[in-house]
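Engineer:
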Amino acid sequence: MVNHPCPRNPEVRTLQLDTDGIKLTEGGQLVRRIAFPSGGAVVPFEAIAQAVSDPAWINEVEPGVFEVGAAFVQDVGTTVSVAAPRVTYIRLLDREGVFFGGQGANVRFDGVLVTSWDPERGAPDQDPEDGRPFVLYQDGSRLDIAGSEMSYLGSDRGSAYGVTWRLASSTGEVVGSTFAHNFFGVYTYEAANLVFRDNVFRDNILYGFDPHDATTGLVVEDNEAYGNGSHGFIVSRFVVDSLFRGNHAHDNRGNGIVMDFRSDRNHIESNLVENNDKDGIVLLGSAENVVVGNTVRGNRVGIRVNNLDSVGNTISTNRIEGNSIGVQAYGGASDLEITDNSIVNSADTALILDAPRTVVRGDDVRGAVRGVDIRTTALLSGVEISGVDQGVTIASTGIAQLDQVEIDARLQSLRVERGGLVTGVDSSTLFPRPSDLASSKKDAWLPFVGVSAVLVAVILELVRWKRERRDLPCPVPAEVWNGA
Numbered sequence: 004m005v006n007h008p009c010p011r012n013p014e015v016r017t018l019q020l021d022t023d024g025i026k027l028t029e030g031g032q033l034v035r036r037i038a039f040p041s042g043g044a045v046v047p048f049e050a051i052a053q054a055v056s057d058p059a060w061i062n063e064v065e066p067g068v069f070e071v072g073a074a075f076v077q078d079v080g081t082t083v084s085v086a087a088p089r090v091t092y093i094r095l096l097d098r099e100g101v102f103f104g105g106q107g108a109n110v111r112f113d114g115v116l117v118t119s120w121d122p123e124r125g126a127p128d129q130d131p132e133d134g135r136p137f138v139l140y141q142d143g144s145r146l147d148i149a150g151s152e153m154s155y156l157g158s159d160r161g162s163a164y165g166v167t168w169r170l171a172s173s174t175g176e177v178v179g180s181t182f183a184h185n186f187f188g189v190y191t192y193e194a195a196n197l198v199f200r201d202n203v204f205r206d207n208i209l210y211g212f213d214p215h216d217a218t219t220g221l222v223v224e225d226n227e228a229y230g231n232g233s234h235g236f237i238v239s240r241f242v243v244d245s246l247f248r249g250n251h252a253h254d255n256r257g258n259g260i261v262m263d264f265r266s267d268r269n270h271i272e273s274n275l276v277e278n279n280d281k282d283g284i285v286l287l288g289s290a291e292n293v294v295v296g297n298t299v300r301g302n303r304v305g306i307r308v309n310n311l312d313s314v315g316n317t318i319s320t321n322r323i324e325g326n327s328i329g330v331q332a333y334g335g336a337s338d339l340e341i342t343d344n345s346i347v348n349s350a351d352t353a354l355i356l357d358a359p360r361t362v363v364r365g366d367d368v369r370g371a372v373r374g375v376d377i378r379t380t381a382l383l384s385g386v387e388i389s390g391v392d393q394g395v396t397i398a399s400t401g402i403a404q405l406d407q408v409e410i411d412a413r414l415q416s417l418r419v420e421r422g423g424l425v426t427g428v429d430s431s432t433l434f435p436r437p438s439d440l441a442s443s444k445k446d447a448w449l450p451f452v453g454v455s456a457v458l459v460a461v462i463l464e465l466v467r468w469k470r471e472r473r474d475l476p477c478p479v480p481a482e483v484w485n486g487a
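What follows is the structure in structure tokens.
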């Protein structure tokens, strides 16, 4: 028997389904037990409503439209089907304790609309401030959703963000469905092997799509995220070994696609990421990700890589077009490979490289005020730079090796600031022009200023990152049953 924490408010109702029957509680007190043995078989939702036969708990207000006035909780081993044509709309009444969920249970929504519902307004609840109903399956549950819509759900409370898979490798498949106007479109926590295909995540209050904390093995293909209050797609805190392919992230008020806080070894392929208010694809403190074959355009920064754990990432064969900055790496990132990309029509700078041991190989850089800015150690090999005012700029902290780099610049092909260094493939050193060299012994300390500048930049980036993380909701394990 699974016990669900429940406030003693007498108005809080729970409908609990187990393999032997149905229990109805008010304020945590059992008020009715209904014999309803399922033996683990699939139980239609409408059959449960008929067995309860009490509109205070489940009320079919018109054919196929059910209003749920209690927490609907499945226990271990139960399986429920919520499917058209018999069920077309689940309205979760906007009152304390109402949600739809299960522990160690299975459920499938097929062709169904699920929303919160404000009976006074006769419409979904659009204000999450005082809590809203939500959908939550956890502890090894399976939640499948097909051809459905789940909207106006969730609030800023632990795991009650909208539609959630949580704990013990909870899993499921989500196909052809829409998640709109939720606090988060969808959220996961320690889930595994979830599949999301051909879905829409739009107009959610914060994130469109947010797998979190040790969720692994995601397949995220052919989805669309737009109009969200922050990022379209974000994964955070050890979300690893996952595939993001063929998705369209656009017109979000944050970034398009984000790998955050040790979300390593993910494959980000053939996505279209455009017109987001902030950046396109972001690797933030995450390592060994492969970003390949994407089109990234019309963002602030096309592809951004930063923070100390961003090590060994690969950016290859992408078209990065019409961003203010094409690719930017900084803040402790290192060992980045940028190969065979087209970086065109950047409003400011095509590449800003402040990540040690960056390799740029075979890229086509066209159309920018500045082509490549190098602020630490980097290798450029087989790179073509054209249609720019400034070709390659080596900062006072930069050490660049140039191998068969072709530069066609309107103003200056190569600029090496005092303290910067350029080497060719034969390791011979090409010093700056005499006018750029230190003019007296008192300038001999300038390279050390460059090193200090790098250290200060890293410290400032860590401070900025911590502030940024404080501004984000920080989901933690929490008892959320009947917590709407």
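Position in the sequence shown (from 1) plus 3 gives the number in this note's numbering.
Backbone N, C-alpha and C fix where the C-beta goes; we use that ideal spot for every residue, glycine too.
(1) To the nearest angstrom, how far is it from the Cα of residue 84 to the Cα of residue 267?
(2) What is the rounded straight-line gap between the Cα of residue 346 and the Cα of residue 322?
(3) How about residue 104 and residue 140: are their beta carbons less than 7 Å apart?
(4) Using a Cβ-Cβ cut-off of 6 Å (strictly less than) and excluding sequence neighbours within five positions of residue 14, which residues of its own chain qualify?
(5) Of the residues 65, 236, 125, which one's Cα is nearest the Cα of residue 189?
(6) Counting C-beta neighbours from all protein chains within 10 Å, is the total for residue 418 16 or more, i.e. buried, or is it exposed?
(7) Can you have a look at residue 145 and say buried or exposed, based on whether 16 or more other CB atoms are within 10 angstroms of its CB?
(8) For the candidate residues 399, 370, 383, whose alpha-carbon lies nearest to that of residue 392?
(9) Between the alpha carbons of residue 264 and residue 234, how many angstroms are there, rounded?
(10) My assumption, with CB atoms under 8 Å, is that residue 222 sits in contact with residue 198. Please give the rounded CB distance.
(11) Jot down the residue ranges of each uninterrupted beta strand (DSSP E) in the region 377–416, minimum 3 residues, whole runs only, in chain order.
(12) Who are the Cβ neighbours of residue 63 in its own chain at under 7 Å, not counting the five residues just before and after it?
(13) Could you check where the alpha helix (DSSP H) with residue 285 kicks off and where it finishes?
(14) Where in the region 58–104 do unbroken runs of the beta strand (DSSP E), each at least 3 residues long, occur, reported from the N-terminal end onward?
(15) Starting from the N-terminal side, write out each stretch of the beta strand (DSSP E) that is 3 residues or longer and does not extend beyond the region 320–373.
(16) Our contact map puts residue 90 next to residue 123 with C-beta atoms below 8 Å; I'd like the distance itself, whole angstroms only.
(17) Hey, how far is the Cα of residue 41 from the Cα of residue 67?
(18) Contact between the region 300–308 and the region 273–282 is defined here as three or more beta-carbon pairs at a separation below 8 Å; is this criterion met?
(19) Going by Cα to Cα distance, which pick from 409, 358, 359 is closest to residue 374?
(20) Roughly how many whole angstroms lie between the Cα atoms of residue 96 and residue 121?
(21) Can you find a heavy atom of the ligand MN that lies under 6 Å from the Cβ of residue 304?
(22) Is the beta carbon of residue 250 sitting closer than 7 Å to the one on residue 274?
(23) To which residues does DSSP link residue 299 through a beta bridge?
(24) Once you ignore the five residues that flank residue 217 on each side, which residues in its own chain have a CB closer than 6 Å to its CB?
(25) DSSP three-state label for residue 48, please.
(26) Is the Cβ-Cβ distance between residue 262 and residue 245 less than 7 Å?
(27) Under the three-state reduction of DSSP, which class applies to residue 129: helix, strand or coil?
(28) Indicate the three-state DSSP secondary structure (helix, strand or coil) for residue 195 in the structure shown.
(29) Below 8 Å on the Cβ atoms is my contact criterion, and I expect residue 151 with residue 114 to pass it. Report the Cβ-Cβ distance as a whole number of Å.
(30) Can you tell which of 426, 207, 368, 183 has its C-alpha closest to the C-alpha of residue 402?
(31) Hey, out of 100, 167, 175, whose CA is closest to residue 153's CA?
(32) Can you tell me the Cα-Cα spacing of residue 73 and residue 211, whole angstroms?
(33) Since residue 421 is in the beta strand (DSSP E), which residue starts that stretch and which ends it?
(34) Measure the CB-CB distance between residue 365 and residue 385 and report whether it falls below 7 Å.
(35) Keeping to the same chain, check which residues put their C-beta closer than 7 Å to that of residue 291; ignore five residues upstream and five downstream.
(36) Quick check: the Cα distance between residue 381 and residue 361, rounded to an integer number of angstroms?
Structural biologist: Looking at the atomic coordinates:
(1) When rounded, the distance between both Cα atoms is 36 Å.
(2) A straight-line Cα-Cα distance of about 6 Å links residue 346 and residue 322.
(3) Yes, the Cβ-Cβ distance between residue 104 and residue 140 is below 7 Å.
(4) Around residue 14, the same chain offers no residue with a beta carbon nearer than 6 Å, after the five sequence neighbours per side are excluded.
(5) With respect to the C-alpha of residue 189, the residue from 65, 236, 125 having the closest C-alpha is 236.
(6) Here residue 418 is buried. Its C-beta has 16 or more other C-beta atoms within 10 Å.
(7) Classified as buried, residue 145 has 16 or more neighbouring CB atoms from the shown chains inside 10 Å of its CB.
(8) Nearest option by C-alpha distance: 370.
(9) Their Cα atoms are separated by approximately 15 Å.
(10) The C-beta separation of residue 222 from residue 198 comes to about 5 Å, placing the pair in contact by the 8 Å criterion.
(11) Within the region 377–416, the complete beta strand (DSSP E) runs of at least 3 residues are 380–384, 387–397, 402–406.
(12) Within the same chain, residue 63 has close Cβ partners 52, 69.
(13) Segment 284–287 is the beta strand (DSSP E) holding residue 285; no alpha helix (DSSP H) there.
(14) Note on the region 58–104: whole beta strand (DSSP E) runs with a minimum of 3 residues are 61–65, 68–71, 74–77, 82–86, 92–96, in chain order.
(15) Within the region 320–373, the complete beta strand (DSSP E) segments of 3 residues or longer fall at 322–324, 328–333, 340–342, 345–347, 352–356, 361–364, listed in chain order.
(16) About 24 Å separates the CB atoms of residue 90 and residue 123; that is not less than 8 Å, and the two are not in contact.
(17) Going by the C-alpha atoms only, they are around 22 Å apart.
(18) Touching, yes.
(19) Taking the Cα of residue 374 as reference, the smallest distance to any Cα among 409, 358, 359 is reached at 409.
(20) Their Cα atoms are separated by approximately 6 Å.
(21) In the structure shown, the ligand MN is absent, as is every other ligand, since no ligand is present at all.
(22) Cβ distance < 7 Å, so residue 250 and residue 274 count as in contact.
(23) Answer by DSSP bridge pairing, in chain order: 276, 323.
(24) Excluding positions up to five away in sequence, the list reads 193, 241.
(25) If DSSP states are grouped into helix, strand and coil, residue 48 belongs with the helices.
(26) Taking 7 Å as the cut-off, the beta carbon of residue 262 is found no closer than this to the beta carbon of residue 245.
(27) Coil, per DSSP.
(28) Residue state for residue 195 is assigned as strand, using DSSP reduced to three classes.
(29) That belief holds up - the Cβ atoms of residue 151 and residue 114 are roughly 6 Å apart, short of 8 Å.
(30) Residue 402 has its Cα closest to that of 426, out of 426, 207, 368, 183.
(31) Measuring from the Cα of residue 153, the nearest candidate turns out to be 167.
(32) Residue 73 and residue 211: Cα-Cα distance of roughly 27 Å.
(33) No beta strand (DSSP E) contains residue 421, which DSSP labels as neither H nor E.
(34) Yes, Cβ-Cβ distance for residue 365 and residue 385 is below 7 Å.
(35) Shown here for residue 291: same chain residues with a beta carbon closer than 7 Å to its own, the five before and five after excluded, namely 267, 268, 315, 316 in chain order.
(36) Taking C-alpha positions only, residue 381 is separated from residue 361 by approximately 5 Å.
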